[in-house]
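Last residue of the sequence shown: 593 (the numbering used here), numbering continuous.
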Amino acid sequence: MEDATSSNPQSLGFTDKLKSWLSWSWTYICAVWFAMVLTMIYVLRSPLKLQDTLTSASVFLNTLTPKFYVALTGTSSLISGLILIFEWWYFRKYGTSFIEQVSVSHLRPLLGGVESSTTTGLFSSVNGEAEPRPSVSECKVWRNPLNLFRGAEYSRYTWVTGKEPLTYYDMNLSAQDHQTFFTGDTQQIKAEDTVMQKAWRERNPQARIRAAYQAIEMNHECAAAYVLLAEEEATTITEAERLFKQALRSGKREQRVQDPVTSLRPLTLNINLLVYIKRRLAMCARKLGRIKEAVKMMRDLMKEFPLLGMLNIHENLLEALLELQAYADVQAVLAKYDDISLPKSATICYTSALLKARAVSEKFSPEAASRRGLSTAEMNAVEAIHRAVEFNPHVPKYLLEMKSLILPPEHILKRGDSEAVAYAFFHLQHWKRAEGALNLLHCTWEGTFRIIPYPLEKGHLFYPYPGCTETADRELLPTFHEVSVYPKKELPFFILFTAGLCSFTAMLAMLTHQFPELMGVFVKAFFSTLFTPLGFFADKMESFMPSSFWHQLTRI
């Protein structure tokens, strides 16, 4: 048994070597086959009368008028131009070349190609074991902790601009969240709950509002219906707050209703609903200027439900504390949540960078720093900025107002453009309030890219940047927004090739139309020069192996 196991690795090694040798030799089979075909054509040139065929073909081509060549080059230019337009549109929409994608997806497997395995091993866990690169399906989408109100904010934007700030994909995710979050482990589903489950799935806002009123008619204490009205129908924050308070009163009454089976455990539906309502009430207070009240509500909510950290209520608290300029409290929250075992976010990383930059930015000068070098505090601030930019490289362009902001989506992708939009939308004012912080960011943020020249392959402080963010962000952000792509993609080869082919054939068509005789002379001289080496090679072959000798062999 031991002999068999010991010989097994040797047999596996021999099999691997055999496979590698076959794959290596397969790459040269096509070249050998092509050379054999050329040799056979040359050997059989006399029986096949290739010389006569070429002569007749050249006579036919000489009889063609310049109009034919103008039509030929013009048609080629038109077709290549259409291909160029389609390739450019496909690249702008999906971020890749259509021809390249088809070649990799369909032609490469037929030619025996395999996917490159170089990405394996780029992710290493704490134990040193290799982890696979995240695919598009593994790019987790998170609920935006600071998402706006649809009726009071998103709808007002639509009324003014006529543009839809939310995508269908984003709203569909919100509907799924509401169904999951507001549906507990209840064994008895009430009629109004069934109506509300259907209401969240409705695409038409008016249909959702009608369903909410229908649920209230069935049960005047239906808290979920008041939540929907506060989110969708209320056109002001004050009105939304009133509806949320009504939902809170209804929810508290429902919370006192016990489980009919155990008579001990309150319904989990009401707990989730109460957390959501209290959080939105705190956000209403923040938007209405009652910031200290909002901070107190958020702190109480975090103490009451410490296990609901996945809701990222601390990000709401950080933004409110920054508005109060309570930087010591902000640092205390960061010390608790900026932990290596917790998932990072742009809010955590950039708020930490803001606090460190604020300490030195007021007296920071690039000229003075280049002369005397960076102090310890300035070095810490620059490292914090580099850390934040490595986590999400899209944020600085929004903070520095190099790109225009839009309303943030209801869901974000961490390290993606959607998260950058959501962070900058709420935190740009805090960076502007810290004097010199944006100047320090402007002078130092691009240095991050020199530390990580190949961000998709290797990270510095975080895992390599996921390549799936662009696809997910295009689904989350509206079409009128230009999605930020990192690292910036160069134009694919096929777009450059079709552009060159279109320009070249169009130039040939114009020159042939304007100067037909001169172009005819030029084409003949070009092809005669091109085929001169082939003629020389054919003469040498003729002297070495006369065609009559091969002709006699073929007759035998």
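Positions of the beta carbon are idealized from the N, C-alpha and C atoms, including for glycine.
query: Per DSSP, cross-strand counterpart(s) of V178; result: L450
query: Residue interval of the alpha helix (DSSP H) (run including D366); result: Y364 to Y374
query: Proximity to A546 [Cα-Cα], best of T92, T110, K393 and S93; result: T110
query: Other residues of its chain near Q216: CB distance less than 8 Å, five sequence neighbours each side excluded; result: Q234, W237 and R238
query: Segment contact flag, the region 186 to 199 with the region 457 to 464, C-beta cutoff 8 Å, min 3 pairs; result: no
query: Residue ranges of each alpha helix (DSSP H) within the region 105 to 141, 4 or longer; result: 135 to 139
query: Residue of I350, N353 and L548 minimising C-alpha distance to P103; result: L548
query: Nearest to R316 (by Cα), restricted to the options L203, Q362, F186 and P503; result: F186
query: Helix, strand or coil at V298 according to DSSP, with G and I counted as helix; result: Because V298 sits at a pLDDT of 47, beneath the cut-off of 50, its placement in the model cannot be relied upon, and the following sentence gives the value as read from the coordinates. DSSP places V298 in coil when its eight states are reduced to three.
query: Pairwise C-alpha distance: L533 and I488; result: 30 Å
query: Straight-line gap, L361 to G537 (C-alpha atoms, nearest Å); result: 58 Å
query: Spatially closest choice to A252 from V232, D576 and F281, by CA coordinates; result: V232
query: Rounded Cβ spacing between V397 and E415 (contact assumed at less than 8 Å); result: 5 Å
query: Classification of F401 by the beta-carbon crowding that lies within 10 angstroms, buried from 16 upward; result: buried
query: Any non-hydrogen atom of the ligand FAD closer than 7 Å to A189 Cβ; result: Inclusion of the ligand FAD in the displayed structure is not the case, the ligand content being empty and no account of it being possible.
query: Length of the line joining the Cα atoms of G453 and P182; result: 15 Å
query: M439 versus K373 - alpha carbon distance; result: 33 Å
query: Inter-residue spacing [alpha-carbon to alpha-carbon] between L465 and L475; result: 9 Å
query: Residue span of the alpha helix (DSSP H) that contains T209, given as start and end; result: Correcting the residue identity first, residue 209 is Asn in this sequence and not Thr. Run containing N209: Y205 to F218, per the alpha helix (DSSP H) assignment.
query: CA-to-CA distance, Y127 to T155, given in whole angstroms; result: Since pLDDT at T155 reaches only 36, below the 50 mark, its modelled position is unreliable, and the value read off the structure follows with that caveat. The straight-line gap from Cα to Cα measures roughly 27 Å.
query: Alpha carbon of V367 to alpha carbon of T273, nearest angstrom; result: 29 Å
query: Nearest residue (CA-CA) to K434, options T481, K200 and N241; result: T481
query: Alpha carbon of D375 to alpha carbon of L115, nearest angstrom; result: 58 Å
query: The alpha helix (DSSP H) enclosing L266, as first and last residue numbers; result: A260 to E269
query: Residue environment, T76, which counts as buried when at least 16 other CB atoms sit within 10 Å; result: exposed
query: Own chain, CB closer than 8 Å to G496, minus 5 neighbours either side, in chain order; result: E427, I489 and Y502
query: Beta-carbon contacts of K577 that lie in its chain and below 7 Å, excluding the five residues immediately before and after; result: none
query: Nearest-angstrom Cβ-Cβ length linking V178 and L203, presumed shorter than 8 Å; result: 14 Å between Cβ atoms; not a contact.
query: Rounded straight-line distance, which links the Cα of L437 to that of G473; result: 12 Å
query: Distance, E276 Cα to A267 Cα; result: 7 Å
query: Boundaries of the alpha helix (DSSP H) in which H550 is found, first to last residue; result: F530 to Q551
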